[in-house]
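Chemist: In this text, residue positions in the first sequence follow the working numbering: the first is -16, and each later residue adds one.
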Amino acid sequence: MGKENFVEQIADIEKDFPQWYTDVVIKTKLVDYGPVKGTMVIRPYGYAVWENIQSELNARFKECGYENAYFPLLIPMSFFTKEAEHVEGFAPEVAVVTHAGGEELSEPLAIRPTSETIIGNMYSKWLQSYRELPIKINQWANVMRWEKTTRPFLRTSEFLWHEGHSAFATAEEAEAETMKMLDVYKEFAENVLAIPVICGRKTEKEKFAGAVATYGMEAMMKDGKSLQSGTTHFLGQNFAKAFDIKFLDKDGAQKYAHTMSFGVSTRLIGALIMAHGDGRGLVLPPPVAPVQAVIIPIAAKKGGVVEACKAVKEKLEKAGVRVKFDDTDSSPGWKFNEWEMKGVPLRIELGPRDIEEGKALICRRDTLEKTAYPLDGLDKTVKQLLEVVRKDMLETARKRRDGRIVYAEDLDGILNGVESGNFVKAGWCGCRACEDEVKAKTAATARVFAEGETSKKCAVCGKKAEHTVIFARAY
RNA sequence: UGAGGCGUAGCGCAGUUGGUAGCGCGUAUGGUUCGGGACCAUAAGGUCGUGGGUUCAAAUCCCGUCGCCUCAACCA
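1. Spatial neighbours of Gly413 within its chain, please: CB distance less than 7 Å, with the 5 preceding and 5 following residues excluded, ordered by chain position.
2. Rounding to the nearest angstrom, what Cα-Cα distance links Thr132 and Glu141 in this structure?
3. Might you give, ordered along the chain, the residues of its own chain that have their beta carbon closer than 7 Å to the beta carbon of Ile388, omitting 5 neighbours on each side?
4. Please report how far the alpha carbon of Glu323 lies from the alpha carbon of Leu265, in whole angstroms.
5. How should His82 be labelled, buried or exposed, when 16 other C-beta atoms within 10 angstroms of its C-beta is the threshold for buried?
6. Would you kindly report the start and end of the unbroken beta strand (DSSP E) that includes Met127?
7. List the whole-angstrom C-beta distance separating Met164 from Gly147, where the pair is believed to meet the contact cut-off of C-beta under 8 Å.
8. What do you reckon, are the CB atoms on Ile467 and Val295 nearer than 9 Å?
9. Rounding to the nearest angstrom, what Cα-Cα distance links Lys205 and Phe308 in this structure?
10. What are the boundary residues of the beta strand (DSSP E) that includes Ile58?
11. Would you kindly check if the distance between the Cβ of Arg250 and the Cβ of Arg381 is under 9 Å?
12. In terms of DSSP beta bridges, what is Asn51 paired with?
13. Hey, out of Ile102, Ala427 and Trp3, whose CA is closest to Asp395's CA?
14. Per DSSP, what kind of secondary structure is Ile278 in: helix, strand or coil?
15. Do Cys292 and Ala302 have their C-beta atoms within less than 9 Å of each other?
16. State buried or exposed for Asp362, treating a residue as buried only when at least 16 other CB atoms are found within 10 Å of its CB.
17. Any idea if Glu(-13) is buried or exposed, counting beta-carbon neighbours within 10 angstroms, 16 or more meaning buried?
18. Return the residue from the list Glu352, Asp375, Asn221 and Pro1 that minimises the CA-CA distance to Leu176.
19. Under a three-way DSSP split, which group does Ile101 fall into?
20. Along the chain, where does the alpha helix (DSSP H) containing Ala93 start, and where does it finish?
21. Taking the alpha-carbon of Glu297 as reference, which of Ser314, Leu116 and Ala276 has the nearest alpha-carbon?
22. Within its chain, find whatever has a CB closer than 6 Å to the CB of Gly334; leave out the 5 residues flanking it on each side and keep chain order.
23. Which term fits Val24, buried or exposed, when burial requires 16 or more other beta carbons within 10 angstroms of its beta carbon?
24. So, using beta-carbon positions, are Phe136 and Gly219 closer together than 9 Å?
25. Using the Cβ count rule (16 or more neighbours within 10 Å means buried), how would you classify Tyr239?
26. So does the stretch 169 to 186 actually touch the stretch 38 to 47, counting three or more Cβ pairs closer than 8 Å?
27. Report buried or exposed for Thr437, applying the criterion of at least 16 other Cβ atoms within 10 angstroms of its Cβ.
28. Does the Cβ of Thr197 have 16 or more other Cβ atoms within 10 Å, making it buried, or fewer, making it exposed?
29. Return helix, strand or coil for Asp(-5), following the three-state DSSP convention.
30. Have a look at Glu189 and Val195 and give me their C-alpha separation to the nearest angstrom.
31. Flag this pair as yes or no: are the beta carbons of Glu99 and His69 separated by less than 9 Å?
32. Check for me: the beta strand (DSSP E) holding Glu201 runs from which residue to which?
33. Quick one: is Asn125 buried, meaning 16 or more other Cβ sit within 10 Å of its Cβ, or exposed?
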């Protein structure tokens, strides 16, 4: 097969980004479509990425005092009606079980779209005294939201996520936790996923149904669109009042708790793909790459090559590197392209020539640079390179994003900005009509408030600006 | 849900005056190869998404239906 055929395997990233995305997720075997509309099978390669994300996040959550637990998938429908905004926001996309055991159920059961309600219900049973606060529980689970149209990782009927739920005695603590977990997300996104993110508060229109305030972490994809990659919600006493989460305080008074919640989902995998990928396919950041280094033998049947590869593999495994030795029959060129498409951070080429010279050729996926390194101490070299790649990927992504943030004074400015694939900062008076106007005219939405910046006038109505908002087209 | 596109071998596709299905890649076996998707030989693989209709005859024409992709609206 010639080069031309390979190029046809994935769509041109410049010309057809959506198709490129679909091609990449399917061809690299991250996912496959499930038999039910809107569902996806997360295949071993994709699930391995998720497991790495989970273990990095778990470590951070536990450091913040969270314990993992598991709440039921099925939630009584009546729970949803207890918080007015919540039911309004989620009702259209909730899947409901009406029959079981061959009979119609007396009360329909919702398949959780999120667990504030059932967790609120349980917290109310458990909580008695201020001494038991704060409660900090995280759960890893699947949730279901019946979306109209879907795309693997970005929007599917069922997806995997984590949701952290905590309850505090005071609003200040709950609010502080909301900000703290947003910082945890940011640190994780940047240092683990190598994705620079912009964090900030969401507008009323964009906030979580039932929250007092929602904060989001927005990441820029290569087409200039924004992907909401994580959110934290300050719920105030909304859910505490709806579910009767009360405690006896020091002063002997019964008080409602203040709660917050936060979550990130398998959508993060979509973020990885679209923030780092290139014309050859995936580019995975080393901390979450299922395979961090792949060893490709050249002229494998020549004496000593396989042995040398195995020796390098063993050495790297001992050093804690996730390494694969590709000893299949395909030609080296085929393997180069295959593993590049799969985004493996480092490729180690080892042939008779290298072995003679006591060296190995290492190719970085992010820059495609090839350099020969001594076999002696290769484990240390690889570990260092993985760290370099991680940092460089973050820097590269940061520069790309920073070069694509522009300011606008009016609607035309916002439109021009987003059409050229930028995030646009603009003033906003704070009224819903102006926010809707931006969306109607530019297809861009208010992503988050830009912290510490104040514009003079609203880009839509020209009145005094209350906020500076980052507008972008979003997934 | 609105607009557009598409369902033929695992993947990508060809196949209209309707006549009983083909190409490339991949797969299997054997051999030669191996520093950017190698080559030769042989072979396996299809109720043409699905239901109905027209016809002597349907992948092809008509009606319904299901699914997928993109854009728009909603969301992690």
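By construction, the Cβ of each residue, glycine as well, lies at the ideal position given by its N, Cα and C atoms.
Since the structure is predicted, the reported quantities are computational estimates derived from the model, not experimental observations.
Modeler: This is what the structure holds:
1. Excluding sequence neighbours, Gly413 sits near Glu449 and His450.
2. Straight-line Cα distance between these residues: approximately 12 Å.
3. Once the five neighbours on either side are set aside, the close Cβ partners of Ile388 are Asn405, Phe406 and Lys408.
4. Leu265 has its alpha-carbon roughly 7 Å from the corresponding atom of Glu323.
5. His82 is classed as exposed because its beta carbon has fewer than 16 other beta carbons within 10 Å across all chains shown.
6. Counting along the chain, Met127 sits inside the beta strand (DSSP E) bounded by residues Ile118 to Met127.
7. Confirmed, Cβ separation roughly 7 Å.
8. Nothing about residue 467 can be read from this structure; the chain reaches only from -16 to 458.
9. Whole-angstrom Cα-Cα distance: 31 Å.
10. Bounds of the beta strand (DSSP E) holding Ile58 are Leu57 to Pro59.
11. In this structure, Arg381 keeps its C-beta atom at 9 Å or more from the C-beta atom of Arg250.
12. In DSSP, Asn51 forms a bridge with Asn121.
13. Ranked by Cα distance from Asp395, the options Ile102, Ala427 and Trp3 are led by Ala427.
14. Residue state, collapsed to three classes: strand.
15. Contact flag unset, no.
16. Flag for Asp362 reads buried.
17. Note that Glu(-13) has pLDDT 40, beneath the 50 cutoff, so the model's placement of it is unreliable and the number below is only indicative. It counts as exposed.
18. Of the candidates Glu352, Asp375, Asn221 and Pro1, Asp375 places its Cα closest to the Cα of Leu176.
19. Three-state result, Ile101: helix.
20. For Ala93, there is no enclosing alpha helix (DSSP H); the enclosing beta strand (DSSP E) has its first and last residue at Glu86 to Ile94.
21. When each option's Cα is compared against that of Glu297, the closest is Ala276.
22. Within the same chain, and ignoring the five residues on either side of Gly334 in sequence, the residues whose Cβ sits closer than 6 Å to its Cβ are Ile281 and Ala282.
23. Val24 counts as exposed, since fewer than 16 other C-beta atoms from the protein chains shown sit within 10 angstroms of its C-beta.
24. For Phe136 and Gly219, no; Cβs fall outside 9 Å.
25. Note on Tyr239: 16 or more other CB atoms within 10 angstroms of its CB, so buried under the neighbour-count rule.
26. With a cut-off of 8 Å, the stretch 38 to 47 and the stretch 169 to 186 count as touching, because enough Cβ pairs lie within range.
27. The residue in question, Thr437, is exposed, as its Cβ has fewer than 16 Cβ neighbours within 10 Å.
28. Of the residues assessed, Thr197 falls on the buried side of the cut-off, its CB having 16 or more other CB atoms within 10 angstroms.
29. Three-state result, Asp(-5): coil.
30. Approximately 12 Å, taken between the alpha carbons.
31. Yes.
32. For Glu201, the enclosing beta strand (DSSP E) begins and ends at Ala196 to Met203.
33. With fewer than 16 other Cβ atoms within 10 Å, it is exposed.
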